[in-house]
Amino acid sequence: MASTVGQYCINVTDLARSERFYTEIIGLKVQSRTQIPGVDEIVLAADVGGGRLQLAKWLERSGPIEHGTALWKIYMNVDDCQDVHDRAVAAGFTSTMTPQRLDRWPVTVAFVLDPDGYSVELLQRHEGAVVNGAQ
80 MASTVGQYCI NVTDLARSER FYTEIIGLKV QSRTQIPGVD EIVLAADVGG
130 GRLQLAKWLE RSGPIEHGTA LWKIYMNVDD CQDVHDRAVA AGFTSTMTPQ
180 RLDRWPVTVA FVLDPDGYSV ELLQRHEGAV VNGAQ
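End of the sequence shown = 214 in the working numbering, gap-free, step of one.
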């Protein structure tokens, strides 16, 4: 069996708010919810393809997430970069780059910050575009 990326797990401060961002703005669907000692978790995924994103709320921790320098950005493939970006901004989330067409690949990209300040790259592939060897 070939290796694939299964899922990433990020810490969040408000599980419900992060769930709304990733479901209502980004368009992911809840696959499962888990409660283990000290942690509530939600696993999100697209309807088709891609990996999963796990949100984890540590029940005994409070305050902002300390990002450090390990995680740079989270890629989200979207059908309409402009629409997703505009919905995020309208919902009060911060844009760090408005949608821009990059003819080098050809894609449109934008960046927004999620509820905990994680940088989320919105990536829209254009018809027939090849990105990192995948169409």
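Backbone N, C-alpha and C fix where the C-beta goes; we use that ideal spot for every residue, glycine too.
Which partner residues of residue i appear in the DSSP bridge assignment?
| i | result |
| --- | --- |
| Arg-204 | Val-186 |
| Thr-175 | Beta-bridge pairing links Thr-175 to no other residue. |
| Leu-192 | Ser-198 |
| Ala-110 | One detail in the question is off: residue 110 reads as Gln in this sequence, not Ala. Answer is none; Gln-110 lacks a bridge partner. |
| Ala-124 | Lys-108 and Arg-131 |
| His-180 | Contrary to the premise, residue 180 reads as Arg rather than His in this sequence. DSSP output for Arg-180 lists Thr-187 as bridge partner(s). |
Examine the ligand SAM and report whether any of its heavy atoms sits within less than 7 Å of the Cβ of residue i.
| i | result |
| --- | --- |
| Gly-147 | With respect to the ligand SAM, the structure shown offers nothing to examine, as it has no ligands at all. |
Among residues of its own chain, excluding the 5 on either side of residue i, which ones have a beta-carbon nearer than 6 Å to its beta-carbon?
| i | result |
| --- | --- |
| Gln-214 | Note that Gln-214 scores 47 on pLDDT, short of 50, meaning its location in the model is unreliable; the coordinates nonetheless yield the value given after this. Nothing meets the Cβ criterion. |
| Ala-167 | Ile-104 and Val-191 |
Leaving aside the five residues before and after residue i along the sequence, list all residues of the same chain whose C-beta is less than 7 Å from its C-beta, in chain order.
| i | result |
| --- | --- |
| Trp-137 | Asn-90, Gly-117 and Val-118 |
Can you tell me the Cβ-Cβ gap for residue i and residue j, rounded? I've got them flagged as a contact below 8 Å.
| i | j | result |
| --- | --- | --- |
| Leu-201 | Cys-160 | 5 Å |
| Met-155 | Val-109 | With 8 Å as the limit, Met-155 and Val-109 do not qualify as a contact, their Cβ atoms being about 16 Å apart. |
| Leu-134 | Glu-120 | 7 Å |
To which residues of the same chain is residue i closer than 8 Å at the C-beta, ignoring the five residues directly before and after it?
| i | result |
| --- | --- |
| Pro-143 | Thr-92, Asp-195 and Gly-196 |
| Val-84 | Gly-130 |
| Val-157 | Ile-105, Gly-106, Val-163, Leu-201, Leu-202 and Gln-203 |
Would you mind listing the beta strand (DSSP E) stretches within the segment 127–167 that are 3+ residues and don't spill past its ends, in chain order? If we require 3 residues or more, the beta strand (DSSP E) runs fully inside the segment 127–167 come out as 131–137 and 153–156.
Contact between the segment 167–174 and the segment 187–198: three or more CB pairs below 8 Å? Contact between the segment 167–174 and the segment 187–198 is present, because at least three Cβ pairs lie under 8 Å.
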